[in-house]
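As they're listed, the protein sequences go chains B and V.
When we follow numbering that gives the first Met the number 0, the leftmost residue of the first sequence carries the number 0, and every step to the right adds one.
When we follow numbering that gives the first Met the number 0, the leftmost residue of the second sequence carries the number 0, and every step to the right adds one.
Worksheet: the structure to be examined is printed underneath.
Number of protein chains: 2
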Amino acid sequence: MGTSQADKVANHERIIDTAATMIRRDGLTSLSVSNLMQRAGLTHGGFYRHFASRDALITQAVDGALDRSASSYGIAKRGIPSKTSRSLGEIIEKYLSPTHRDDPGTGCAIAALATDVARGTEDTRTAYTQHVRGYLGRLSAALEGSDGGDDDPYLTLAAMVGAVVLARAVNDTALSDEFLSHTARGLRRIARS
Amino acid sequence: MGTSQADKVANHERIIDTAATMIRRDGLTSLSVSNLMQRAGLTHGGFYRHFASRDALITQAVDGALDRSASSYGIAKRGIPSKTSRSLGEIIEKYLSPTHRDDPGTGCAIAALATDVARGTEDTRTAYTQHVRGYLGRLSAALEGSDGGDDDPYLTLAAMVGAVVLARAVNDTALSDEFLSHTARGLRRIARS
DNA sequence: ATTATCTATAGATCTATAGATAATGC
DNA sequence: ATTATCTATAGATCTATAGATAATGC
């Protein structure tokens, strides 16, 4: 139907953006090409002028989801520290909030895609690993001087990811809230000591 | 081809057992009926004499995976404390071992199915939630007397699940090992204090 | 005779491709 | 003329069903 090259770039980015949200919400395997294109306002046939295959898109969508969510949580892309550096207390509060739990589509991709990436391609695992290192670096700096030494950044990230993942899986709102609040308080305690 | 009722029961249980391993390894959405029946040594047509639908099997397979892995990690079925009660140190060591990380098919279903269950049916979420309560109860008893009070069981479970999930997703063996060892040491520290 | 499993297949869905369509941009 | 998207479809796969087959168990 004839579209400018500028429109093509905009469409390309909208496809990736839409996919980045869909995979965080529904997982990697649930994403279908026609469903994705429909949500992006296009038809499925045009997809293959943008991406070589469904797998190629998945790789870019995982990358996009990691980048977008990392900058949203105070950790910049691929391990480079963010300029708008948040305090540890702020990171914990935002990460372990009901808002974050209730909107996986725009939330941290490390939590949303953890088990999916473990079953995915090496490319997605490599991108994922780089972002995990970024989070660890950010937490190490914020935890400087805590008693736990090297252990605390790993423990903190594991607990943050685990609490969000459990809070989302569990069927009971009260229990879900408890995972967020108790884990947050426990982590603040570690950071202070 | 004519099979006794005793064989039918054995086949039924083998199908669930096989499915419980397959879903922990590859996720809920990847499981296909024909693939499952093939691995169980049967043909796909017979499946519907055992289960009303693929969804009905998924519910039973999630339940089976939760039951089997819970008893393996010292927490008995549906919140009832195990008779062979392990110490917290033993639970942490076994849960955060490379062996557990490397064999999700027989490992803890709470870690393996976390994001899948969050996207699944209410039935599977209810079963999952009951088992999470079982783990929390077990950890509460083991953490009796720690300084963190109510926070510690939630923090401990979140960190255990998060560390295993991250250790599996990450692409680098050294980093993966660090998640297990640092989280284990951090949690032992919390338990002592 | 009953029934657990197998063979065959219908209907739906999904990835990927081929050719048509209609605006862009030289 | 080029090209970004659309329409139509091929080929594969998946859930579920129907009828055939061959032991079981009264």
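Glycine included, every Cβ here is placed at the ideal spot set by N, Cα and C.
A residue is called buried when at least 16 other Cβ atoms come within 10 angstroms of its Cβ; V:Asp62 meets this threshold and is buried. Around V:Leu156, the same chain offers Tyr134, Leu135, Leu138 as residues with beta carbons nearer than 7 Å, after the five sequence neighbours per side are excluded.
A Cβ-Cβ contact shorter than 9 Å links V:Val164 with B:Thr114. The stretch 94-105 of chain B makes contact with the stretch 166-186 of chain B, as at least three CB pairs between them are under 8 Å. Under the 10 Å beta carbon count, V:Ser68 is surrounded by 16 or more other beta carbons and is classified as buried. Here B:Gly148 is exposed: its Cβ has fewer than 16 other Cβ atoms, across all protein chains shown, within 10 Å. For the stretch 136-151 of chain V, the set of residues with a beta-carbon nearer than 7 Å to any beta-carbon of chain B comprises Gly147, Asp149, Asp150, Asp151, in chain order. Short of 7 Å from the beta carbon of V:Thr42, and not among the five residues preceding or following it, lie these beta carbons of its own chain, in chain order: Met36. Straight-line measurement puts the Cα of B:Thr105 at about 20 Å from the Cα of B:Ala9. Considered as a whole, the stretch 16-53 of chain B harbours no complete run of any beta strand (DSSP E) with no fewer than 3 residues. A Cβ-Cβ separation of about 6 Å places B:Thr28 in contact with V:Ser29 under the 8 Å criterion. Taken atom to atom, the span from the alpha-carbon of B:Leu179 to that of B:Gly161 is near 10 Å. Rounded to the nearest angstrom, the Cβ distance from V:Tyr72 to V:Lys93 is 7 Å, consistent with a contact under 8 Å.
For V:Asn10, the three-state secondary structure derived from DSSP is helix. Residues of the stretch 19-45 of chain V that bring their beta carbon within less than 7 Å of a beta carbon in chain B comprise Asp25, Gly26, Thr28, Ser29, in sequence order. If you draw a straight line from the Cα of B:Ala55 to the Cα of B:Ile15, it comes to about 11 Å. With its beta carbon at least 9 Å from every one in chain B, V:Asp102 lies outside the interface. Cα atoms of B:Arg85 and V:Asp151: separation of roughly 25 Å, rounded to the nearest angstrom. B:Met159 is not a Cβ neighbour of B:Ala190, given a cutoff of 9 Å. Ranked by how close their Cα comes to the Cα of B:Ser33, the residues B:Arg118, B:His181, B:Tyr47 have B:Tyr47 in first place.
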